[in-house]
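Peer 1: Start counting the sequence shown at 14; every next residue gets the next number (this note's numbering).
Where a beta carbon is used, it is the ideal one built from N, C-alpha and C, also for glycine.
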Amino acid sequence: MAIYLNNNVGVKLATLAAATVPSIDISAYVQSVILTQTFDEVEVTSHGDTSHKVAKGLSNGTLQIDFLNDWAAAQAMITLSDAIGTTLSVSMITVKGTAVSATNPSYQFSIFVNNLTPVGSGGVGDYAASSLSFTLNSAVTVSPSVAF
Numbered sequence: 014m015a016i017y018l019n020n021n022v023g024v025k026l027a028t029l030a031a032a033t034v035p036s037i038d039i040s041a042y043v044q045s046v047i048l049t050q051t052f053d054e055v056e057v058t059s060h061g062d063t064s065h066k067v068a069k070g071l072s073n074g075t076l077q078i079d080f081l082n083d084w085a086a087a088q089a090m091i092t093l094s095d096a097i098g099t100t101l102s103v104s105m106i107t108v109k110g111t112a113v114s115a116t117n118p119s120y121q122f123s124i125f126v127n128n129l130t131p132v133g134s135g136g137v138g139d140y141a142a143s144s145l146s147f148t149l150n151s152a153v154t155v156s157p158s159v160a161f
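1. From what residue to what residue does the beta strand (DSSP E) around Leu-48 run?
2. Thinking just about the alpha-carbon of each residue, which of Thr-63, Thr-49, Val-155, Asn-21 is nearest to the one in Gln-77?
3. Quick check on the burial criterion: 16 or more other C-beta atoms within 10 angstroms. Buried or exposed for Tyr-120?
4. Please classify Tyr-140: is it buried, with 16 or more other beta-carbons within 10 angstroms of its beta-carbon, or exposed?
5. Count the other CB atoms, across all protein chains shown, that sit within 10 Å of the CB of Asn-128; report buried if there are 16 or more and exposed otherwise.
6. Within its chain, find whatever has a CB closer than 7 Å to the CB of Ala-115; leave out the 5 residues flanking it on each side and keep chain order.
7. Given Met-14, which residues of its chain have a CB within under 7 Å of its CB, disregarding the five upstream and five downstream residues?
8. Here's the rule: buried if 16 or more other CB atoms are within 10 angstroms of the residue's CB, otherwise exposed. What is Leu-71?
9. Report the residue from Gln-44, Ala-160, Thr-148, Thr-154 whose alpha carbon sits nearest the alpha carbon of Ile-97.
10. Would DSSP call Ile-39 helix, strand or coil?
11. Tell me whether Thr-75 sits in a helix, a strand or coil according to DSSP, three-state version.
12. If you draw a straight line from the alpha carbon of Ser-59 to that of Phe-125, how long is it in whole angstroms?
13. Using the three-state DSSP reduction, which class does Ile-97 fall into: helix, strand or coil?
14. Between which residues of its own chain and Ile-106 is the CB-CB distance below 6 Å, once the five residues before and five after are set aside?
15. So Ser-146 is in the beta strand (DSSP E); what residue range does that whole segment cover?
Right, dumping it as structure tokens:
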């Protein structure tokens, strides 16, 4: 399942000091974000079956995020730099500024901060930007009631 979030997406990252509590709101810096979730296929074919059968196995996923860099304290680049090589919790909502509901659920998961581009793209007169892809380190929880 791939979830494309619109341009009002809300994204919060946890900090290394409180790795399970997403508190740094980087929504204003996000240019695009794609959350992709897949599952391993586990073979469950038995004798006498006439075709292969598979069942859902462990989940896999990635968070692809493009954002404008900001090196100020408690912003995206500093938060990710502090957490390189560790796991951080993430909270997202499809339409920020609108109440969490069945049609605007929140998403909770953790990412392994396994890469960083502190000097990203951007030419003279451009904003510095980074495009990063993180491996999910947990299942994705989708909720119509958990606050963003």
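Peer 2: The short version:
1. 43 to 56
2. Thr-49
3. buried
4. exposed
5. exposed
6. Pro-157
7. Residue placement at Met-14 is poorly supported in this model, since its pLDDT is 49, which falls under 50; the coordinates still yield a value, given next. So the qualifying residues of the chain are Gln-50.
8. exposed
9. Thr-148
10. coil
11. strand
12. 37 Å
13. coil
14. Gly-23, Ser-119, Phe-161
15. 142 to 149
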